Amino acid sequence: MNKIMSGNEAIAYGAYLAGIKVGAGYPGTPSTEVMESFSRYPGVYAEWSPNEKVALEVAIGAAYAGGRALATMKHVGLNVAADPLFTVSYTGIKGALVIVDADDPSLHSSQNEQDNRHYAKAAKIAMLEPADSEEAKQFVKIAVEISETFDTPVILRSTTRLSHSRCIVKLEDEPAAVEIEPAAYERNAPKYVMVPAHARQRHPVVEERLKKLAEYAETTPVNYIEPGSGDLGIIASGVSYQYAKEVFPGATFLKLGMAYPMPEKLIRDLAGRVKQVVVVEELDPFIEEHVRLLGIPVKGKDVFPNIGEFSQGRVRRCAAAAGLIPGKIGAQPVQSQQLPVRPPMLCPGCAHRPIFYALQRLRAAVFGDIGCYTLGAAPPLAAMHTCLCMGASIGNVHGADRVKVKDRTVAVIGDSTFFHSGITPLINLIANGGNSTVIVLDNRITAMTGHQPHPGTGRTLMGKKVPDISIEALARAVGFNKVDVISPYDFKNVLETIKDHFQSREPSLIVSQYPCVLNIRERKPSPVVDQDACNECGNCLRIGCSPMAKVDGGVTIDPALCTGCGFCASVCGRGAIKARTNEGGGEH
Ligand SMILES: Cc1ncc(C[n+]2csc(CCOP(=O)(O)OP(=O)(O)O)c2C)c(N)n1
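Note that this note's numbering gives residue 574 to position 577 of the sequence shown, counting from 1, and the numbers run on in steps of one.
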């Protein structure tokens, strides 16, 4: 029996089949669905941790205790988890540890385009790279085997195209339900207590393991040569392999399922069979540099770009331009139609909007963060002026305040982001005598990645009720005396509170609390514009709410889009936006 699965669903299925019992992750496109799917399998424990470092540490704990564990994250998440990653390479684990890392070439939904294959090399651990959903399933099982055989964590690298495209996966027999007998925790300080004296002893073990992994790379079934013509020898892994197979159908291929370490003998074997070796890989010249180090002449980034995602068409055009295949040089892809540009925007009724409108009116310099609210940077609000990485806003504002900029400064951070990495810089503000103002946009959910619960939500990924952690109480506990909780829709109060905090000389925090509009089931009727009262000042258009439009000289509100939040009415100085009195009648 087969089933069509996305790469992410297949990874989760593979994890279940491989007997992984504990999973921890932090959401982030394109990785999110792995943990969501995994949590639905029977007999497993899955959690959203507050951030990727914690998620990896939870998975490491489970693996130290002898279990098979999974940690999931997007590529930048691995930066957050890099500290435990590099040292778990030294300790190894007792059970199995698979770290799913999903990279995002072309930055479909990320702040950068990094190539995480470098992490495997830097941390000296194995990395597998599936090329379709079936391989994704298989490779998790192989990752568990490698992890247990070599006492190493294994990174399973995906990319957006693999994670989110769907293809056929062969269903397998359910794993036998194994009751885990509680085992005594094995104490082994020289292996698990990484003080310098022990870690020094472990480093040679890591180097030795890497050599063994490199030998394994020569014989593992995930690396293989597909014989073809003697002209071109293509080396590819992941989705690039699929594009390359279409563009170079007759070539000899070295398909790498193991991205690190690489099989030197297989690479030399390929080179010995063909006139020209070509590496087709997205982003950095990771494989290419390795081939070059072996002294083998190779084409790679001189043909294919190191920026952006590949496609079959892109690989074909580059190959034709370099004369590797016949074809029209520089031919452009045929587009069936030009789609209108639709930039992302805050949803109608989004509770983040009033805060950004207020900050724009107060001409604040806004140190921002990552979430739906980053859209506060887009015109017409244009009220966020930095966005670096999760949790950066609070440290950024504190730093800026140390240079005494002229503007009023403020940090704006979402609630999931606050729990992810906002608490430490908040403590830093107090601990270093800072006096900045922080606004937390608290919609009690991780909205941007699809409403995953976080420590303020009050329930877990698996649906258990738990305490919802109060940001206000937390701020007070770490030493903020000036804390206000406001509703963003009480706009007069929003303006007054922010002004008051700007005037304050002490560190201060505002929690703007309102549920995400997608969680509000009952919509209120949309208001109507009284055209006689409206003087077309444009204030209501400057809030950047998509139901509002200027048509034939007057402002209208599209009731199909409007959620009835009423914020537009609160910015109209002439009271021209009014509650609807009779359904269906009047201007809208
Ligand atoms: C290190 C890292 N992990 C994950 C992500 C993906 N991501 C971006 S913002 C965000 C959370 C946003 O939630 P919140 O702060 O509550 O703001 P909201 O979207 O609800 O407005 C996540 C998970 C990321 N960009 N970087």
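Backbone N, C-alpha and C define an ideal beta-carbon position, used for all residues, glycine too.
Remember, it's a predicted structure, so these values are computed and weren't measured experimentally.
Per-residue burial, His349 [other beta carbons within 10 Å of its own, 16 or more giving buried]: buried
Helix, strand or coil at Gly583 according to DSSP, with G and I counted as helix: Because Gly583 carries a pLDDT of 40, less than 50, the predicted location of this residue cannot be relied on, and no value is offered for it.
Lys489 - containing alpha helix (DSSP H), residue span: Phe488 to Gln500
6 Å CB neighbourhood of Thr69 in its chain, flanking five on each side removed: Gly22, Ser28, Val31, Met32 and Val97
heavy atom of ligand 1 below 7 Å from Ser413 C-beta: yes
Heavy atom of ligand 2 within 7 Å of Gln357 beta-carbon: Questions concerning ligand 2 fall outside what the structure shown contains, since the ligands it does hold are ligand 1.
beta-carbon His586 near ligand 1 non-hydrogen atom, thresh 7 Å: Because the chain in this structure spans residues -2 to 585, residue 586 falls outside the shown range and cannot be described.
Test item: CB-CB of Ala133 and Ile1 under 8 Å: no
Pick from Met459, Arg405, Leu385 and Tyr511 that is closest to Val437, judged by C-alpha positions: Tyr511
According to DSSP, residues forming a beta bridge with Gly20: Ala43 and Leu67
Local conformation of Phe364 per DSSP, three classes: strand
N-terminal and C-terminal residue of the beta strand (DSSP E) that Asn220 is part of: Asn220 to Glu223
Any non-hydrogen atom of ligand 1 closer than 7 Å to Lys118 Cβ: no
Opening and closing residue of the alpha helix (DSSP H) in which Ile466 lies: Run containing Ile466: none; DSSP gives neither H nor E here.
Span of the alpha helix (DSSP H) around Gly565: Looking at the sequence itself, residue 565 is Cys, so the reference to Gly does not match. Phe564 to Val568 is the span of the alpha helix (DSSP H), which, as asked, contains Cys565.
Exposure of Gly583, with buried meaning 16 or more beta-carbon neighbours within 10 Å: Here the model assigns Gly583 a pLDDT of 40, short of 50, so the residue's position is not dependable, and the following value carries that caveat. Exposed: under 16 other Cβ atoms inside 10 Å.
Inter-residue spacing [alpha-carbon to alpha-carbon] between Tyr213 and Pro260: 8 Å
DSSP state of Arg399 mapped onto helix, strand, coil: helix
beta-carbon Gln111 near ligand 1 non-hydrogen atom, thresh 7 Å: no
8 Å Cβ cutoff met for Leu67 and Ile17: yes
Counted within 10 angstroms of its Cβ, other Cβ atoms place Ile152 as buried (16 or more) or exposed: buried
Contact between the stretch 516 to 535 and the stretch 561 to 580 (3+ Cβ pairs under 8 Å): yes
Neighbour-count burial assignment, Leu168, 16 or more Cβ in a 10 Å radius: exposed
Contact belief for Val409 with Tyr354 at Cβ below 8 Å, rounded distance in angstroms: The pair is not a contact, with the Cβ atoms about 13 Å apart (cut-off 8 Å).
Candidates Glu533, Ala174, Thr560 and Lys71, of which the one nearest Gly550 by Cα: Glu533
Proximity to Thr454 [Cα-Cα], best of Ile466, Thr446, Met445 and Gly447: Ile466
Given Gln309 as reference, the closest of Leu372, Ser237, Arg502 and Val203 once Cα atoms are compared: Ser237
Cβ neighbours of Gly561 in the same chain (closer than 8 Å, five flanking residues each side left out): Gly346, Arg520, Lys521, Pro522, Ser523 and Pro524
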